[in-house]
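Q:
There are 2 protein chains.
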Amino acid sequence: MNYSKQREIIYKTLADNVVHPSAEYIYEILKKADSKISLATVYRNLNKMASCGHIKKIEGLEDRAHFDHNTFEHYHFICEKCGKIYDIAKEVAPDIIKKTQDKTGFTINSHDIVFHGICLECKKEER
Amino acid sequence: MNYSKQREIIYKTLADNVVHPSAEYIYEILKKADSKISLATVYRNLNKMASCGHIKKIEGLEDRAHFDHNTFEHYHFICEKCGKIYDIAKEVAPDIIKKTQDKTGFTINSHDIVFHGICLECKKEER
DNA sequence: ATGTAAAGTGATAATTGTTATCAGTTTTGT
DNA sequence: ACAAAACTGATAACAATTATCACTTTACAT
């Protein structure tokens with residue numbers, strides 16, 4: 000994989016963002032600064048970085064994919080009210096890979112956990 | 000929600016199937032028997048049944064959604080080689096909801112776990 | 001049993017997120 | 001500095017899903 004200026008910008012935009020943006024969202028941010036980038040380039044590079052493990056692709060949240068520069072093993076929570084995505088520590092499912100491999104005999108290469116519910120902020124507002 | 004003959008047929012087709020079919024797959028099966036059903040009807044009813052908890056919608060597997068008549072809490076594994084979807088027992092992640100709620104203060108309404116890897120059969124073939 | 005409002009249907013157009021294409025540009029190693 | 005490989009922007013194409021709409025079914029009060 001060669002160096003590319005666009006890929007660097009995309010990665011920085013992803014890393015500097017507290018949220019877990021979609022490709023479209025990154026594209027919107029970049030259009031304001033580097034007004035020449037193409038949406039296809041954003042998709043291409045996010046996928047390329049995801050498949051080489053440099054970033055993480057989060058699927059099964061909404062209808063669109065989201066991306067995460069945090070490649071540490073961790074899970075995600077999406078608030079059904081505000082739509083915000085939060086990180087969940089891996090400790091909530093200890094030894095899950097080993098347990099699953101032992102039980103099934105399958106080889107587990109990756110796993111994802113997605114929680115749905117109401118976040119603290121939205122719970123406060125409800126009262 | 001009113002009764003509908005189509006919904007009943009769709010549910011039965013889902014329940015009689017060992018696999019975890021997609022909407023398209025159910026549509027194909029039904030076209031052979033009841034040749035009049037519409038793909039839109041299949042989507043409509045699968046989503047309706049999923050959102051009232053009668054069946055389960057599995058997302059984040061491939062690009063399409065799959066459906067499961069087994070509403071018992073359990074997880075899924077998709078084989079990266081043959082594409083087959085397997086059920087995984089909930090015991091691999093004990094007390095995950097309680098742990099996550101305690102740690103975050105969020106209310107968890109649902110959660111999904113998807114494993115990716117190689118199933119036993121495909122592992123045998125590799126050698 | 002009948003009338004009517006609500007819910008459901010088939011057919012298909014529209015939408016949406018994503019990927020493919022392709023001519024031109026950038027990067028890389030020699 | 002040069003050729004091969006990788007990358008890009010612009011946009012067409014694609015695939016899964018949803019919206020639309022005229023019509024049919026269902027439920028239930030009379």
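These protein sequences, in sequence, are chains A and B.
For the first sequence, the residue numbers in numbering that gives the first Met the number 0 are 0 to 126.
For the second sequence, the residue numbers in numbering that gives the first Met the number 0 are 0 to 126.
Cβ atoms here follow ideal geometry from the backbone N, Cα and C, with glycine treated the same way.
#1: Applying a beta-carbon distance threshold of less than 7 Å, which residues of chain B neighbour residue 109/A?
#2: Take residue 75/A as the anchor and find which of 97/A, 42/A, 52/A, 117/A has the nearest alpha-carbon.
#3: When the distance is taken between beta carbons, is residue 22/B closer than 9 Å to residue 88/B?
#4: Identify, in the order they occur along the chain, each residue of the same chain with its Cβ nearer than 6 Å to the Cβ of residue 120/B, setting aside the five sequence neighbours on each side.
#5: Of the choices 54/B, 122/B, 37/B, whose alpha-carbon is the least far from that of residue 10/B?
#6: Is the separation between the beta-carbon of residue 115/B and that of residue 50/A shorter than 9 Å?
#7: Taking only beta-carbon positions, decide if residue 79/B is within less than 9 Å of chain A.
#8: When the cut-off is 9 Å and only beta carbons count, does residue 12/A lie next to chain B?
#9: Confirm, please, whether the CB-CB distance from residue 66/B to residue 38/B is below 9 Å.
#10: Determine the burial state of residue 78/A: buried for a count of at least 16 other Cβ atoms within 10 Å of its Cβ, exposed for fewer.
#11: Residue 58/A: which of 111/A, 3/A, 124/A sits nearest, CA to CA?
#12: Pick from 16/A, 12/A, 20/A, 73/A: whose alpha carbon is nearest that of residue 29/A?
#13: Whole angstroms are fine: how far does the CA of residue 93/A sit from the CA of residue 123/B?
#14: To which residues does DSSP link residue 116/B through a beta bridge?
#15: Tell me residue 66/B's beta-bridge partners as DSSP assigns them.
#16: Taking the beta carbon of residue 17/B as the centre, do at least 16 other beta carbons fall within 10 Å, making it buried, or is it exposed?
#17: Are residue 103/A and residue 85/B close, meaning C-beta to C-beta below 9 Å?
#18: What residue does the alpha helix (DSSP H) around residue 14/A start on, and which one ends it?
#19: Give me, in chain order, the residues of the same chain whose beta-carbon lies closer than 6 Å to that of residue 100/B; leave out the 5 immediate sequence neighbours on both sides.
#20: Could you compute how far the alpha carbon of residue 0/A sits from the alpha carbon of residue 125/A?
#21: Counting only the same chain and skipping the five closest in sequence on each side, list residues whose C-beta sits under 7 Å from that of residue 56/A.
#22: Measuring straight from C-alpha to C-alpha, what distance separates residue 52/A and residue 69/A?
A: The structure says:
#1: 115
#2: 117/A
#3: no
#4: none
#5: 54/B
#6: no
#7: yes
#8: no
#9: no
#10: buried
#11: 111/A
#12: 12/A
#13: 28 Å
#14: 107/A, 78/B
#15: 56/B
#16: exposed
#17: yes
#18: 4-14
#19: 107
#20: 49 Å
#21: 49, 64, 66
#22: 10 Å
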